[in-house]
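Protein chains in written order, with the working numbering: chain A, 1 to 147; chain B, 1001 to 1147. Quick reminder that beta carbons are idealized off the backbone N, C-alpha and C, glycines included. Take a look at the structure set out below.
There are 2 protein chains.
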Amino acid sequence: MRLTARSEYGLLALIDLACRYGGGPVSARGVAERQKIPPKFLEQLFVSMRQAGLVTAVRGARGGFELSRDPMAITVLDVVEALEGPLQPTQCGGGGGCERSPVCAAGTVWTRATEALRDVFATTSLGTLAGSQTAIDSGERGPHRTA
Amino acid sequence: MRLTARSEYGLLALIDLACRYGGGPVSARGVAERQKIPPKFLEQLFVSMRQAGLVTAVRGARGGFELSRDPMAITVLDVVEALEGPLQPTQCGGGGGCERSPVCAAGTVWTRATEALRDVFATTSLGTLAGSQTAIDSGERGPHRTA
DNA sequence: GTCAATCCCTACCTATAAGGTATGGAATGG
DNA sequence: CCATTCCATACCTTATAGGTAGGGATTGAC
Chain A
1 MRLTARSEYG LLALIDLACR YGGGPVSARG VAERQKIPPK FLEQLFVSMR QAGLVTAVRG
61 ARGGFELSRD PMAITVLDVV EALEGPLQPT QCGGGGGCER SPVCAAGTVW TRATEALRDV
121 FATTSLGTLA GSQTAIDSGE RGPHRTA
Chain B
1001 MRLTARSEYG LLALIDLACR YGGGPVSARG VAERQKIPPK FLEQLFVSMR QAGLVTAVRG
1061 ARGGFELSRD PMAITVLDVV EALEGPLQPT QCGGGGGCER SPVCAAGTVW TRATEALRDV
1121 FATTSLGTLA GSQTAIDSGE RGPHRTA
């Protein structure tokens, strides 16, 4: 399995949206600047996340993106799977099943690993993360301010 | 983070060794045939695992590899880290710390994910897996059966 | 009606790596 | 001495990550 920059950037972007939830569309360009994500790359990520139903796009001037449902109802798992595809740790541990053996002891490890990862991701919502981020930003004496 | 064929093959190989623990060196060629791993590729993996202190090599005819300590004292984490390097999920979640912010909410997710994965890997030993595999091979009554 | 901002789409590029293969050497048992 | 085995190095091929480029289509503001 792999977690790439797509997930990392995508999660940052959606936390950014979550912090602004309810305040109208947020432009991708703004997100890119605040989160220091290459703008054109972020656009691609938003396409995937829109197709996955996580965000809604508003076209035209003053347009942008907003979360398509409550931040508490979007999990990190949603984000990761939207950006990386289904979560599976190795060829063997996946649902495909390796042709090596009907059941192999190694496969059980990979399966349990996936489940553990899935559990962490599925039990963490954007709402919670947005709350943490806001707390961090207001307590830390840094320039990383989220209005 | 990434789990590649190296871990998958390497774990299969060490389970193979664990099943034969105490019976003298086992040739890489034999392991490759039984586990259906490209032989020369497996050799490379054994180099990494020897350097990590997991296996001991016996050179010359009738030589081979054996686990350098009890199978119960070698965990999947040992194997994975020997073959893939330190377990870390993303650039941000690592010890390096991203320059994005002193602390970011996203980073805590990646860190918790790594910990979850590490926990699964660290609590699973080759001895246990060898036992499961033996049970599977001898009648499909292993403790970790998948339907 | 124009214009700038914004999302949308397709194509392309480049460096890295995964996943091997090939060749030859060095040790060792029979 | 010689087949077997590990050891070391170098090389290859393909896929992918991580972008960049260049334009369209929509819309709000003026």
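Across the region 1007 to 1035 of chain B, CB contacts with chain A closer than 8 Å involve SER1007, GLU1008, LEU1011, LEU1012, ILE1015, GLN1035, in sequence order along the chain. In the DSSP assignment, LEU129(A) falls within the alpha helix (DSSP H) that extends over 126 to 139. Residue contact with chain B for ILE74(A): absent (no Cβ-Cβ distance below 8 Å to any residue of chain B). Residue contact with chain B for GLN44(A): absent (no Cβ-Cβ distance below 8 Å to any residue of chain B). Excluding its 5 nearest sequence neighbours in each direction, PRO25(A) has C-beta neighbours in its own chain below 7 Å: VAL58, GLY63, GLY64, PHE65, GLU66, listed in chain order. DSSP places ALA82(A) inside the alpha helix (DSSP H), whose first and last residues are 76 to 84. DSSP places LEU1017(B) in the uninterrupted alpha helix (DSSP H) bounded by 1005 to 1019. Judged by DSSP secondary structure, ALA57(A) falls within the beta strand (DSSP E) whose first and last residues are 55 to 58. Taking the C-beta atoms as reference points, VAL55(A) is found nearer than 8 Å to LEU17(A).
As DSSP reads the structure, LEU1045(B) sits in no beta bridge.
Per DSSP, the beta-bridge partners of GLU1066(B) are THR1056(B). Cβ-Cβ distances below 8 Å link ALA122(A) to THR75, VAL76, LEU77 in the same chain, with the five nearest sequence neighbours on each side left out; the list follows chain order. Within a 10 Å sphere around the beta-carbon of ASP137(A) sit 16 or more other beta-carbons, which makes this residue buried. Membership of LEU117(A) in the alpha helix (DSSP H) is indicated by the continuous run 105 to 122. Annotation: Cβ neighbours of MET1(A) in chain B (cutoff 9 Å, chain order): MET1001, ARG1002, LEU1003. One Cα belongs to ILE1015(B), the other to PRO1071(B), and the distance between them is close to 9 Å. Bridge partners of VAL1026(B) according to DSSP: PHE1065(B).
Interface annotation for the region 103 to 124 of chain A against chain B: VAL103, CYS104, ALA105, ALA106, GLY107, THR108, VAL109, TRP110, THR111, ARG112, ALA113, ALA116, LEU117, ASP119, VAL120, PHE121, THR124, criterion Cβ-Cβ distance under 8 Å. Using a Cβ distance threshold of 8 Å, THR108(A) and SER1132(B) count as a contacting pair. According to DSSP, ARG1002(B) shares a beta bridge with ARG2(A).
With contacts defined as CB atoms closer than 8 Å, ALA28(A) and GLU8(A) fail to qualify as a contacting pair.
Chain B has a Cβ within less than 8 Å of the Cβ of SER132(A).
Residues of the same chain with a CB within less than 6 Å of the CB of ALA32(A), apart from the 5 flanking positions on each side, are PRO39, LEU42 in chain order.
The beta-carbon separation of SER1048(B) and LEU1083(B), rounded to 6 Å, stays under the 8 Å limit for a contact. For the pair ALA1061(B) and GLY1085(B), the Cα-to-Cα distance works out to about 31 Å.
Scanning chain B for C-beta atoms nearer than 9 Å to the C-beta of LEU54(A) yields nothing, as the closest lies near 15 Å away.
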